[in-house]
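> The structure is given below, and queries will be raised subsequently.
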Amino acid sequence: MSVKIAVIADDLTGSNDTGVQFAKKGLKTGVIIDINSLSKGLKKIDVLVIDTESRFDSRDVAYEKVSKAASILKKNNVSYIYKKLDSTLRGNIGGEIEATLKASNSKLAIVVPALPQNGRTTIGSIHMVNNIPLEKTEIAKDPITPVKHSYIPEIISQQTNKKIGTINLQTVLKGPKYIKNEIRSLRKRGIEIVVIDAINDNNLVDIAKSIKLLDEKVVIVGSAGLAEFLPEVLQLSDNRKEREGSVIIIAGSVSDITRKQINYATKELDIDVIDINIDKVFEDWSSEKIRILELVKESIKSNKDVIIRSAKSRKQVEYARKIGLKKGLNNYEVSEKIAQFLGEIGKEICKSLEIKGLMLTGGDIAIKTAKLMEATGTIIGDEILPAIPYGYFISKQFGDIPIVTKAGAFGPENTIIKVIEFLKKG
Numbered sequence: 001m002s003v004k005i006a007v008i009a010d011d012l013t014g015s016n017d018t019g020v021q022f023a024k025k026g027l028k029t030g031v032i033i034d035i036n037s038l039s040k041g042l043k044k045i046d047v048l049v050i051d052t053e054s055r056f057d058s059r060d061v062a063y064e065k066v067s068k069a070a071s072i073l074k075k076n077n078v079s080y081i082y083k084k085l086d087s088t089l090r091g092n093i094g095g096e097i098e099a100t101l102k103a104s105n106s107k108l109a110i111v112v113p114a115l116p117q118n119g120r121t122t123i124g125s126i127h128m129v130n131n132i133p134l135e136k137t138e139i140a141k142d143p144i145t146p147v148k149h150s151y152i153p154e155i156i157s158q159q160t161n162k163k164i165g166t167i168n169l170q171t172v173l174k175g176p177k178y179i180k181n182e183i184r185s186l187r188k189r190g191i192e193i194v195v196i197d198a199i200n201d202n203n204l205v206d207i208a209k210s211i212k213l214l215d216e217k218v219v220i221v222g223s224a225g226l227a228e229f230l231p232e233v234l235q236l237s238d239n240r241k242e243r244e245g246s247v248i249i250i251a252g253s254v255s256d257i258t259r260k261q262i263n264y265a266t267k268e269l270d271i272d273v274i275d276i277n278i279d280k281v282f283e284d285w286s287s288e289k290i291r292i293l294e295l296v297k298e299s300i301k302s303n304k305d306v307i308i309r310s311a312k313s314r315k316q317v318e319y320a321r322k323i324g325l326k327k328g329l330n331n332y333e334v335s336e337k338i339a340q341f342l343g344e345i346g347k348e349i350c351k352s353l354e355i356k357g358l359m360l361t362g363g364d365i366a367i368k369t370a371k372l373m374e375a376t377g378t379i380i381g382d383e384i385l386p387a388i389p390y391g392y393f394i395s396k397q398f399g400d401i402p403i404v405t406k407a408g409a410f411g412p413e414n415t416i417i418k419v420i421e422f423l424k425k426g
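In structure tokens, the structure reads:
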């Protein structure tokens, strides 16, 4: 097998909705419903999804089915096992987690059932649907597999005696390293199953990153929610398409360091610089945006990279503030208006033009652009230079465009050149 990660699900719809999270990231994904066919034709599969059809079985029957699947995966040295859960926690949750742990010879299961995009969230280990605890939803009245509790450890402990620990949202919000450290602390106390809170996609990304930081074999347990972010975080595949086009730098920072970086880049590279017309930004926003986009198009046609900047000197910064003052705007409001304008430029470029990557320098520009692209967070891929990362926005429409962010006052003089070289290498 060439399988990089395997999913064990308890029904076919769950198999498919989790499998598609990997498939849409470019990973070859196969779903099988007959465990006896595991060894047939799977050498070219990146992700194997096994449907055990065990949701409505007794605890013991479900245990045996999952144990058999996990044992085969262990024999074939599959690196990661993802035990797929129903996002409303129906089925043989505890028994199937225990079976997967034992058969795979793993000592730790990380349980994250949240699926925020569908209203499934976990706070204080209480699982909710649209902010209503499970036990108070229609799931509690399910005719076959009613869920009578909302506290996840209580649900799991109905079918296993393994020690269960929890990690609350406050820890999750601190980031991957804090989550990892808390997991290690729980492990020292003999905990084998760790339930982690999550209320949004950013939480899921950070939890996935914390799992990657662990130095022991882990069974990952979750719904389709966490699965969506594993391909990038676990680096299962270089699955984003190779992009053509120019590198676009949007410089909204008024820092002297950023100006020096731009000046250095223009001396060393054949690169186009487009300065925004401050008067037009305040007087004729739409026509100025059209003008800049047309100039960018011409540069791309000529295979040239582009820098779009808000100010080329301190004098221009002061000029913008004076115009703003005449309009009744304070310095903050002037900066916000310019950042909004540049953010819209960034979105329109990504929407309508084929580019190699986008660099955003200045925190206000970066966040404006992210929000306009309806990004809920970022997937961090690498660090080009210290404190200058590249990655991708978590965005349905723009999630395949490489993004580099840089604080205005960060980086050596050749920063822009290094970023362009990095993005050009693909």
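Per the UniProt record's numbering, residue 1 is the first one in the sequence shown, and the count goes up by one each step. For glycine and all other residues, C-beta sits at the position ideal for the given N, C-alpha and C. Note that the coordinates shown come from a computational prediction; the quantities given were computed from them, not determined experimentally.
(1) Mind reading off the beta-carbon distance from V61 to S71? Whole number of angstroms is fine, and I expect it under 8 Å.
(2) Measure from the alpha carbon of I300 to the alpha carbon of each residue in K312, K347, E244, then state which is nearest.
(3) Looking at I248: is its Cβ nearer than 8 Å to the Cβ of I271?
(4) Excluding the 5 residues preceding and the 5 following E413 in the sequence, name in chain order all residues of the same chain whose CB lies nearer than 8 Å to its CB.
(5) Excluding the 5 residues flanking I417 on each side, which residues of the same chain have their C-beta closer than 8 Å to its C-beta?
(6) Would you call the CB atoms of Y392 and I384 closer than 8 Å?
(7) Taking all protein chains shown into account, decide if Y63 is buried (16 or more other Cβ within 10 angstroms of its Cβ) or exposed.
(8) Can V49 and V78 be called in contact, C-beta distance under 8 Å?
(9) Considering only residues of the region 134 to 170, which uninterrupted beta strand (DSSP E) runs meet the minimum length of 3 residues and lie entirely inside it, listed in chain order?
(10) Apply the 10 Å Cβ neighbour rule to N131 and answer buried if 16 or more other Cβ atoms are within range, or exposed otherwise.
(11) With three or more beta-carbon pairs closer than 8 Å as the criterion, would you say the region 190 to 210 touches the region 109 to 119?
(12) State the start and end residues of the unbroken alpha helix (DSSP H) segment that holds P231.
(13) For Q21, count the other beta carbons within 10 Å of its own beta carbon; 16 or more makes it buried, fewer makes it exposed. Which is it?
(14) Please classify Q159 as buried or exposed, where buried requires at least 16 other C-beta atoms within 10 Å of its C-beta.
(15) By alpha-carbon positions, which one of K351, I355, Q340, C350 ends up nearest to I365?
(16) Using alpha carbons as the reference points, say which of K74, K84, G190 lies closest to T52.
(17) Taking the beta strand (DSSP E) that P389 belongs to, which residues open and close that run?
(18) Which of the three DSSP states, helix, strand or coil, is assigned to I262?
(19) What's the C-alpha gap between E344 and P231?
(20) Exposed or buried, P143, counting other C-beta atoms within 10 Å across all chains shown (16 or more means buried)?
(21) With DSSP as the reference, identify every bridge partner of residue 456, one or two as the case may be.
(22) How many Å lie between L169 and N181 at the Cα?
(23) Count the other CB atoms within 10 Å of the CB of T29; is the residue buried (16 or more) or exposed (fewer)?
(24) So, I156 versus I93, is the Cβ gap smaller than 8 Å?
(25) Here's a check: name, in chain order, each residue in its chain whose Cβ is nearer than 7 Å to the Cβ of P176, leaving out the five neighbours to either side.
(26) Decide if E98 is buried, meaning its Cβ has at least 16 other Cβ atoms within 10 Å, or exposed.
(27) What is the DSSP secondary structure of R55, reduced to helix, strand or coil?
(28) Going by beta-carbon coordinates alone, are T361 and K406 separated by less than 8 Å?
(29) What runs of the beta strand (DSSP E), each 3 residues or longer, lie entirely inside the region 89 to 114?
(30) Using only the alpha-carbon positions, how far apart do G41 and K107 sit?
(31) Per DSSP, I416 forms a beta bridge with which residues?
(32) Helix, strand or coil, according to DSSP, for E244 in the structure here?
(33) May I ask you to report which of helix, strand or coil DSSP gives K371?
(34) Would K280 pass as a contact of S287 if the rule is Cβ separation under 8 Å?
(35) For K351, tell me which candidate among L186, M373, E336, I367 has the shortest Cα-Cα distance.
(36) Are there 16 or more other CB atoms within 10 angstroms of the CB of A23, so buried, or fewer, so exposed?
Result, derived from the coordinates:
(1) Stepping through the sequence shown from its first residue, residue 61 is reached at position 61. Stepping through the sequence shown from its first residue, residue 71 is reached at position 71. At roughly 16 Å, the Cβ-Cβ gap does not stay under 8 Å, so V61 and S71 are not in contact.
(2) Reading the sequence shown from its first residue, position 300 is the one you call residue 300. Answer by Cα proximity: E244.
(3) For this step, residue 248 is matched to residue 248 along the sequence shown. For this step, residue 271 is matched to residue 271 along the sequence shown. For I248 and I271, no; Cβs fall outside 8 Å.
(4) Sequence index remark: in the sequence shown, residue 413 carries index 413 (1-based). Counting only residues of its own chain and dropping the five nearest sequence neighbours on each side, E413 has a CB closer than 8 Å to the CB of K260, Q261, Y264.
(5) The residue labelled residue 417 in the question sits at position 417 within the sequence shown. Around I417: Y264, A265, E268, L269.
(6) As a working note, residue 392 is residue 392 in the sequence shown. As a working note, residue 384 is residue 384 in the sequence shown. Here Y392 is not near I384, since their CB atoms are 8 Å or more apart.
(7) The residue given as residue 63 occupies position 63 in the sequence shown. Buried is the call here.
(8) Counted from its first residue, the sequence shown places residue 49 at position 49. Counted from its first residue, the sequence shown places residue 78 at position 78. Result no, Cβ atoms of V49 and V78 do not sit closer than 8 Å.
(9) If we require 3 residues or more, the beta strand (DSSP E) runs fully inside the region 134 to 170 come out as 164 to 167.
(10) By 1-based counting over the sequence shown, the position of residue 131 is 131. N131 should be labelled exposed.
(11) Under the 8 Å Cβ criterion, the region 190 to 210 counts as touching the region 109 to 119, having at least three qualifying pairs.
(12) On the sequence shown, residue 231 is found 231 positions in, with the first residue counted as 1. Per DSSP, the continuous alpha helix (DSSP H) segment holding P231 begins and ends at 230 to 233.
(13) Sequence index remark: in the sequence shown, residue 21 carries index 21 (1-based). Q21 is buried by the Cβ-count criterion.
(14) If you number the sequence shown from 1, residue 159 lands on position 159. Counting Cβ neighbours within 10 Å, Q159 comes out buried, since at least 16 surround it.
(15) As a working note, residue 365 is residue 365 in the sequence shown. The residue with the shortest Cα to Cα distance from I365 is Q340.
(16) The sequence position of residue 52 within the sequence shown is 52, counting from 1. It is K84 whose Cα lies nearest to the Cα of T52.
(17) Taking the first residue of the sequence shown as position 1, residue 389 is located at position 389. Per DSSP, the continuous beta strand (DSSP E) segment holding P389 begins and ends at 388 to 393.
(18) Along the sequence shown, one-based indexing puts residue 262 at 262. In the three-state reduction of the DSSP assignment, I262 falls in the helix class, which pools H, G and I.
(19) Along the sequence shown, one-based indexing puts residue 344 at 344. Along the sequence shown, one-based indexing puts residue 231 at 231. The alpha-carbon atoms of E344 and P231 are separated by roughly 30 Å.
(20) By one-based count along the sequence shown, residue 143 stands at place 143. Exposed is the call here.
(21) Examination of residue 456 is not possible in this model, given that the chain is present from 1 through 426 alone.
(22) Locating residue 169 in the sequence shown gives position 169, where the first residue counts as 1. Locating residue 181 in the sequence shown gives position 181, where the first residue counts as 1. Cα-Cα distance, rounded: 14 Å.
(23) One-based indexing of the sequence shown puts residue 29 at position 29. Buried: at least 16 other Cβ atoms inside 10 Å.
(24) As a working mapping, residue 156 is identified with position 156 in the sequence shown. As a working mapping, residue 93 is identified with position 93 in the sequence shown. Against a cut-off of 8 Å, the Cβ pair of I93 and I156 comes out as a contact.
(25) Here residue 176 corresponds to residue number 176 of the sequence shown, with the count starting at 1. Around P176, the same chain offers D206, K209, S210, L213 as residues with beta carbons nearer than 7 Å, after the five sequence neighbours per side are excluded.
(26) To locate residue 98, count along the sequence shown from 1; it is residue 98. That one is buried.
(27) Within the sequence shown, numbered from 1, the residue matching residue 55 stands at position 55. Coil, per DSSP.
(28) As a working mapping, residue 361 is identified with position 361 in the sequence shown. As a working mapping, residue 406 is identified with position 406 in the sequence shown. Against a cut-off of 8 Å, the Cβ pair of K406 and T361 comes out as a contact.
(29) Within the region 89 to 114, the complete beta strand (DSSP E) runs of at least 3 residues are 108 to 112.
(30) As a position in the sequence shown, residue 41 is number 41, starting the count at 1. As a position in the sequence shown, residue 107 is number 107, starting the count at 1. Since pLDDT at G41 reaches only 43, below the 50 mark, its modelled position is unreliable, and the value read off the structure follows with that caveat. Computed Cα separation, rounded: 31 Å.
(31) As a first step, residue 416 must be located in the sequence shown, where it is residue number 416. The partner list for I416 (beta bridge, DSSP) is empty, contrary to what the question assumes.
(32) Here the question's residue 244 lines up with position 244 in the sequence shown. Three-state result, E244: coil.
(33) For the purposes of this step, residue 371 is identified with residue 371 of the sequence shown, where counting begins at 1. Taken through DSSP and simplified to helix, strand or coil, K371 comes out as helix.
(34) The count along the sequence shown starts at 1 and reaches residue 280 at position 280. The count along the sequence shown starts at 1 and reaches residue 287 at position 287. At a Cβ-Cβ threshold of 8 Å, K280 and S287 count as neighbours.
(35) Numbered from 1 along the sequence shown, position 351 holds the residue referred to as residue 351. For the residues L186, M373, E336, I367, the minimum Cα distance to K351 belongs to M373.
(36) Translated into the one-based positions of the sequence shown, residue 23 becomes position 23. Buried, by the Cβ-count rule.
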